[in-house]
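Enquirer:
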Amino acid sequence: MRAAVFDSTANPASGAWLSVEEIPRPQLAPNQLLLKVIACGVCRTDLHIVERDLKPIQPRIIPGHQIVGEVVEGATVGLPLGTLAGVSWIGGVDGVCWFCRHGMENLCDQPVFTGYSVNGGYAPFAAVRADFAIPLPAGLDPIAAAPLLCAGVIGFRSLRVAGVERGERVGLYGFGSSASLAIRVLHSWDCEVYVVTRGESHRKAATSLGARWVGDENSKPPVALDRAITFAPSGKVVVDALSALRKGGVVAINAIHLDQMPAFDYDRLLWGERQLRSVANMTRQDARDFLALARDLNFRPAVQTFPLDQANRALHAVKHETGEGSAVIVI
Ligand SMILES: [Zn+2]
Ligand SMILES: [Zn+2]
2 MRAAVFDSTA NPASGAWLSV EEIPRPQLAP NQLLLKVIAC GVCRTDLHIV
52 ERDLKPIQPR IIPGHQIVGE VVEGATVGLP LGTLAGVSWI GGVDGVCWFC
102 RHGMENLCDQ PVFTGYSVNG GYAPFAAVRA DFAIPLPAGL DPIAAAPLLC
152 AGVIGFRSLR VAGVERGERV GLYGFGSSAS LAIRVLHSWD CEVYVVTRGE
202 SHRKAATSLG ARWVGDENSK PPVALDRAIT FAPSGKVVVD ALSALRKGGV
252 VAINAIHLDQ MPAFDYDRLL WGERQLRSVA NMTRQDARDF LALARDLNFR
302 PAVQTFPLDQ ANRALHAVKH ETGEGSAVIV I
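Numbering-wise, the numbering used here comes out as the position in the sequence shown, counting from 1, plus 1.
(1) Starting from Ser20, trace the beta strand (DSSP E) in both directions and tell me its first and last residue.
(2) Whose C-beta lies closer than 7 angstroms to the C-beta of Gly200 among residues of the same chain, with five residues either side of it excluded?
(3) Exposed or buried, what is Leu187 when buried is set at 16 or more other beta-carbons lying within 10 Å of its beta-carbon?
(4) Check this for me: beta carbons of Val88 and Ile68, under 8 angstroms apart or not?
(5) Distance, Cα to Cα, Arg275 vs Lys248?
(6) Could you tell me if the beta carbon of His66 falls within a distance shorter than 7 angstroms of some heavy atom in ligand 2?
(7) Report yes if the C-beta distance between Lys330 and Tyr123 is below 8 angstroms; otherwise report no.
(8) Straight-line CA distance for Ser220 to Gly172?
(9) Applying the criterion that 16 or more other CB atoms from any shown protein chain within 10 Å of the CB defines a buried residue, is Glu166 buried or exposed?
(10) Is Asp110 a contact residue of ligand 1, with contact defined as CB to any heavy atom under 7 angstroms?
(11) Inspect the CB distances between the region 249 to 263 and the region 278 to 286 and report whether three or more fall short of 8 angstroms.
(12) Does the Cβ of Thr46 lie closer than 7 angstroms to at least one heavy atom of ligand 2?
(13) Measure from the alpha carbon of Thr84 to the alpha carbon of each residue in Trp90, Ile91, Val72, then state which is nearest.
(14) Compute the beta-carbon to beta-carbon distance between Pro64 and Gly104, rounded to the nearest angstrom, for a pair I have assumed lies under 8 angstroms.
(15) Would you mind working out which of Phe291, Pro31, Ala206 sits nearest Ile155, comparing C-alpha positions?
(16) Under DSSP, the beta strand (DSSP E) around Tyr195 begins and ends at which residues?
(17) Spatial neighbours of Thr208 within its chain, please: CB distance less than 7 angstroms, with the 5 preceding and 5 following residues excluded, ordered by chain position.
(18) Could you check the C-alpha separation between Asp8 and Leu246 for me, to the nearest Å?
(19) Would you tell me roughly how many angstroms separate the C-alpha atoms of Ser159 and Thr198, rounded to the nearest one?
(20) What does the alpha-carbon distance come out to for the pair Ala183 and Gly168?
(21) Let's see if you can read the secondary structure: which residues bound the alpha helix (DSSP H) around Tyr123?
(22) When every heavy atom of ligand 1 is checked, does at least one fall within less than 7 angstroms of the C-beta of Gly96?
(23) Would you check if the distance between the CB atom of Ala128 and the CB atom of Gly121 is smaller than 8 angstroms?
(24) List in chain order: all unbroken alpha helix (DSSP H) runs of 4+ residues lying wholly within the region 128 to 180.
(25) Which residue comes first and which comes last in the beta strand (DSSP E) that contains Glu201?
(26) When DSSP builds the beta bridges, which residues end up paired with Thr115?
(27) Within 10 Å of its beta-carbon, does Gly175 have 16 or more other beta-carbons around it, so buried, or fewer, so exposed?
(28) In its own chain, which residues sit with a C-beta less than 6 angstroms from the C-beta of Leu55, not counting the 5 before and 5 after it?
(29) Could you round the C-beta distance between Ala333 and Pro138 to whole angstroms and report it? I think they count as a contact, below 8 angstroms.
(30) Going by CA-CA distance only, name the one from Leu316, Ile332, Ser178 that's closest to Asp47.
(31) Can you check whether the CB of Ile144 is closer than 8 angstroms to the CB of Val304?
(32) Given a threshold of 16 other Cβ atoms within 10 Å of its Cβ, counted over all protein chains shown, does Gly273 qualify as buried or as exposed?
(33) Whole angstroms are fine: how far does the CA of Val240 sit from the CA of Arg269?
(34) At the level of alpha carbons, what is the spacing between Ala30 and Gln286?
(35) Looking only at its own chain, which residues have a Cβ that is under 6 angstroms from the Cβ of Gly70, when we skip the five neighbours before and after it?
Set out below in structure tokens:
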């Protein structure tokens, strides 16, 4: 099969991170099933992998962790042949560590990361752990569902980590694909949403999706926020979000990688039981709950599609935030 491969030992020209090459079709290990990939969303984490912001685990890897595919081998009772299933960043856990035993599989000590520690979905076939393939609720479009699997689920988990309650005032700092899905969930919970983002197109998108207030990176919401979620890989943005919180409020940082956390004034920004939390990975329950909600709310995120041969172009679109909608590779 032809797959897009990242070789961490090579030193390719800047921007030509992946090479599309002929490789053998994956062999199934016990407890795995084979997905015939229909679409694979392109996530900012994929960019962190190919730009080596995340230390390479494997010398060669097929990226991609927002996989939607059809079960064609290794079917199970819950996932019969022909089922449409999604696989996200968490591709497996050990099930025995302290975190797994305490309902925190997202923090597992021995996790498997799809498209990072094992091959992902920038390919026509992907071998995945059957217990980490989530059936897609009927009615979700398979291509539009791809960006729901990481951007959507992690955005949803961020709202949980921030402890958002119905009707609260919530700040979204950065407005890429994750935030543009989170705002729909927040509106379904009757929350007021305040968006701070650089980039005219992101501010327009936030306005068109019904944000109560939208400002650029130098402005501050006109009210104190109950919760804030930051999506930018920037420590400065985290401090900006903290400075907009009421006492007892929470900032959840939805970023797998931050440039640097600047020093900040404890007395003014964290005192008063304000909390700063990171959002790490996701649980399968987060994915199931979010996909069900996406079906109920009739989510159809805007996507821009790319053929597999243009996987590098898709990564560029994510890097430079060009184009409308989430980048998705369609196989
Ligand atoms: Zn574990
Ligand atoms: Zn992701």
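All residues carry an ideal CB built from backbone N, CA and C; glycine is no exception. Small disclaimer: the values here were computed from a predicted structure and weren't measured.
Expert: According to the data block:
(1) That run of the beta strand (DSSP E) goes 19 to 23.
(2) In its chain, beyond the 5 residues on either side, Glu322 have a beta carbon closer than 7 angstroms to the beta carbon of Gly200.
(3) With 16 or more neighbouring CB atoms inside 10 Å of its own CB, Leu187 falls in the buried class.
(4) Cβ distance < 8 angstroms, so Val88 and Ile68 count as in contact.
(5) Approximately 6 angstroms between the Cα atoms of the pair.
(6) Yes, the Cβ of His66 comes within 7 angstroms of a heavy atom of ligand 2.
(7) According to the sequence provided, residue 330 is Ile. The question's Lys does not apply to it. Against a cut-off of 8 angstroms, the Cβ pair of Tyr123 and Ile330 comes out as a contact.
(8) Roughly 12 angstroms between the two C-alpha positions.
(9) Exposed, by the Cβ-count rule.
(10) Result yes, Cβ under 7 angstroms from ligand 1.
(11) The answer is yes - the region 278 to 286 touches the region 249 to 263, with three or more Cβ pairs under 8 angstroms.
(12) Answer for Thr46: yes, Cβ within range of ligand 2.
(13) Distances from the alpha-carbon of Thr84 to those of Trp90, Ile91, Val72 put Val72 closest.
(14) In this structure Pro64 is not in contact with Gly104, their Cβ atoms being roughly 29 angstroms apart against a cut-off of 8 angstroms.
(15) Ranked by Cα distance from Ile155, the first of Phe291, Pro31, Ala206 is Phe291.
(16) Looking at the DSSP string, the run of the beta strand (DSSP E) that includes Tyr195 is 193 to 197.
(17) Cβ within range, chain order: Val215.
(18) Cα-Cα distance, rounded: 43 angstroms.
(19) A straight line joining the alpha-carbon of Ser159 with that of Thr198 spans about 17 angstroms.
(20) In a straight line, the C-alpha of Ala183 is about 14 angstroms away from that of Gly168.
(21) It is not in any alpha helix (DSSP H) - Tyr123 carries neither H nor E in the DSSP assignment.
(22) The answer is yes for Gly96.
(23) At a Cβ-Cβ threshold of 8 angstroms, Ala128 and Gly121 do not count as neighbours.
(24) List check, alpha helix (DSSP H) in window: 143 to 146, 152 to 162.
(25) Here Glu201 belongs to no beta strand (DSSP E); instead the alpha helix (DSSP H) covers 201 to 209.
(26) Answer is Val119, bridged to Thr115.
(27) Counting Cβ neighbours within 10 Å, Gly175 comes out buried, since at least 16 surround it.
(28) Cβ-Cβ distances below 6 angstroms link Leu55 to His49 in the same chain, with the five nearest sequence neighbours on each side left out; the list follows chain order.
(29) Residue 333 is absent from the model: the chain starts at 2 and stops at 332.
(30) Comparing Cα-Cα distances from Asp47 to each of Leu316, Ile332, Ser178, the minimum goes to Leu316.
(31) The beta carbons of Val304 and Ile144 sit closer together than 8 angstroms.
(32) Classification of Gly273: exposed, given that the 10 Å Cβ count is below 16.
(33) If you take the alpha carbons of Arg269 and Val240, they lie about 11 angstroms apart.
(34) Using only the alpha carbons, I get a separation of about 24 angstroms.
(35) For Gly70, where only same-chain residues beyond five positions count, the Cβ hits under 6 angstroms are Leu36, Lys37, Val38, Ile39.
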